[in-house]
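Student: When the letters of the sequence shown are read in order and numbered with my numbering, they come out as residues 226 to 586. Please read through the structure below; I'll follow up with questions.
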Amino acid sequence: MLVRLEQRPEASKSMIYVSPLIAVVLTVLTAMVMFALLGVYPVKAIETFFIEPVSSLDGLAELLVKATPLVLIGVGLSLGFQANVWNIGAEGQLVIGALAGGGLALAFFDQQSIFLVPAMLVCGVLGGMAWAAIPAWLKTRYNTNEILTSLMLTYVGLLVLSYLVHGPWKDPQGMNFPESRLFHDSALLPILIDETRLNVGALIALFVVVLGWILISRHIIGFQIKVIGMAPMAASFAGFKEKRLIWLTLLISGGCAGLAGVIELSGAIGQIVPSISPGYGFTAIIVAFLGRLHPVGVLFAGLLMALTYLGGDSAQITMNLPNAVTGVFQGMLLFFLLASDVLIKYRVRFGAPKINTEAAE
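So, in structure tokens, the structure goes:
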């Protein structure tokens with residue numbers, strides 16, 4: 226029997242916002258089946274994955290620490306995605322931003338100044354923007370696909386990180402481990418809750434969410450971004466500068482990724498190590514789409530995806546499950562979200578399409 230997709234006359238506005246919740250529910254149900262096949266009691270596994278990690282103050286603080294870089298990067302990416310500018314290299318921009326801010330901390334590692342942390346944050350933003358400027362220039366100058374260039378630059382950034390921590394920036398007193406000196410206390414972000422890792426980076430992320438909402442909902446630039454994404458020809462007739470918006474969205478997303486990188490170093494890690502991020506730059510792509518490319522939605526999606534990181538660690542420790550369960554959860558969530566999007570735009574039909582005989586005559 227022939228199965229085909231037939232485009233709906235109009236996509237349901239309510240289903241666009243309900244579908245992420247449906248995707249989450251389907252992910253949980255599928256995960257329970259997966260746990261049962263692994264010989265693990267499903268309800269206990271779900272409790273270990275989603276409830277136990279946030280059942281204490283320390284767990285809630287750690288959730289916000291994990292969500293901070295996801296929200297920052299997700300907000301930046303969502304602006305570009307709305308304009309059909311596909312920055313897939315946020316992971317590399319995070320690394321370069323972290324190196325820019327961390328390098329400043331190492332340059333002043335034995336000095337104390339209240340201006341050091343703000344300067345590190347600025348350097349992180351500029352570093353991420355500089356790395357994102359490469360695909361922006363290639364796109365606007367040679368019409369090079371920004372998906373490929375931004376993605377390939379990620380691996381270049383990781384190699385730069387590896388070279389520095391194994392070479393010039395390696396701690397001379399670190400017993401030959403590939404890591405930098407520990408940052409001075411003046412290079413660390415202030416802690417919000419004692420005896421936790423929660424720092425002011427969470428407040429910065431919340432501030433960026435507010436700025437992103439104002440930009441996309443209340444500013445002419447946000448209007449131009451949405452128009453050029455939905456109707457490029459109309460945007461051209463209206464006089465909107467496509468190349469300028471490509472530069473703007475890539476620089477914003479790169480700056481947000483770089484800011485996330487330096488916050489991760491200065492807040493959660495405290496030194497430059499070979500692995501700064503567990504893949505926040507790639508996971509933030511899921512966060513952006515799960516949040517429906519809206520800054521407020523990205524905030525809640527970032528919290529959910531951060532919970533998958535904590536849940537994976539908890540399941541690995543208490544139930545001896547592989548850490549790859551985290552990636553499986555995130556992959557299933559993206560799969561069901563994309564499937565929901567397809568069914569929002571199309572309906573499933575069985576059999577061959579009917580031929581309009583009157584139109585044929």
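Glycine residues also receive a C-beta, built at the ideal position from the N, C-alpha and C atoms.
Which residues does DSSP pair with L616 in a beta bridge?
Tutor: There is no way to answer for residue 616, as the model of the chain reaches only from 226 to 586.
Student: Using the Cβ count rule (16 or more neighbours within 10 Å means buried), how would you classify Q398?
Tutor: Exposed.
Student: Out of Q318, L413, Y367, state which residue places its alpha-carbon closest to the alpha-carbon of Q336.
Tutor: When each option's Cα is compared against that of Q336, the closest is L413.
Student: Within 10 angstroms of the Cβ of F462, are there 16 or more other Cβ atoms? Answer buried if so, exposed if not.
Tutor: Exposed.
Student: Under 8 angstroms, with one C-beta from each stretch per pair, do the region 285-297 and the region 354-365 reach the 3-pair mark?
Tutor: These segments do not touch.
Student: Roughly how many angstroms separate the alpha carbons of M257 and V521, rounded to a whole number?
Tutor: In a straight line, the C-alpha of M257 is about 29 angstroms away from that of V521.
Student: Are the beta-carbon atoms belonging to E316 and T379 less than 8 angstroms from one another?
Tutor: In contact: E316 and T379 (Cβ atoms closer than 8 angstroms).
Student: Decide if V342 is buried, meaning its Cβ has at least 16 other Cβ atoms within 10 Å, or exposed.
Tutor: Buried, by the Cβ-count rule.
Student: Report yes if the C-beta distance between L470 and I453 is below 8 angstroms; otherwise report no.
Tutor: Yes, Cβ-Cβ distance for L470 and I453 is below 8 angstroms.
Student: When the distance is taken between beta carbons, is L484 closer than 8 angstroms to G327?
Tutor: No.
Student: Could you round the C-beta distance between V300 and G426 to whole angstroms and report it? I think they count as a contact, below 8 angstroms.
Tutor: So it is not a contact: roughly 14 angstroms between Cβ atoms.
Student: Mind checking which residues open and close the alpha helix (DSSP H) that includes P663?
Tutor: Not covered by the structure: residue 663. The range shown for the chain is 226 to 586.
Student: The alpha helix (DSSP H) spanning A482 covers which residue range?
Tutor: First-last of the alpha helix (DSSP H) with A482: 467-488.
Student: Let me make sure I understand the geometry here. Which of K451, L559, G486, G284 has the alpha-carbon closest to that of V310?
Tutor: Among K451, L559, G486, G284, the Cα nearest to that of V310 belongs to K451.
Student: Alpha carbon to alpha carbon, how far is L263 from F554? Give it in angstroms, no decimals.
Tutor: The alpha-carbon atoms of F554 and L263 are separated by roughly 15 angstroms.
Student: If you count every other CB in all the chains shown that lies within 10 Å of the CB of G392, and 16 or more means buried, which is it?
Tutor: Exposed.
Student: Cβ of D538 within 8 angstroms of Cβ of S244?
Tutor: Their beta carbons are not under 8 angstroms apart, which means D538 does not touch S244 by this criterion.
Student: Would DSSP call I298 helix, strand or coil?
Tutor: Residue state, collapsed to three classes: helix.
Student: Given a threshold of 16 other Cβ atoms within 10 Å of its Cβ, counted over all protein chains shown, does Y549 qualify as buried or as exposed?
Tutor: Note that residue 549 is Ala in the sequence shown here, rather than Tyr. Exposed, since its Cβ has fewer than 16 Cβ neighbours within 10 Å.
Student: Spell out the partners DSSP gives N424 in its beta bridges.
Tutor: Per DSSP, I416.
Student: Our contact map puts L302 next to A509 with C-beta atoms below 8 angstroms; I'd like the distance itself, whole angstroms only.
Tutor: That belief holds up - the Cβ atoms of L302 and A509 are roughly 6 angstroms apart, short of 8 angstroms.
Student: Nearest CA to the CA of A513: which residue from T273, L304, A459, Q449?
Tutor: Taking only the C-alpha atoms, the option nearest A513 is L304.
Student: Rounded to a whole number of angstroms, what is the C-alpha to C-alpha distance between L386 and P499?
Tutor: Distance between the alpha carbons of L386 and P499: 7 angstroms.
Student: Under a three-way DSSP split, which group does K395 fall into?
Tutor: Coil.
Student: If you draw a straight line from the C-alpha of T365 to the C-alpha of L473, how long is it?
Tutor: In a straight line, the C-alpha of T365 is about 12 angstroms away from that of L473.
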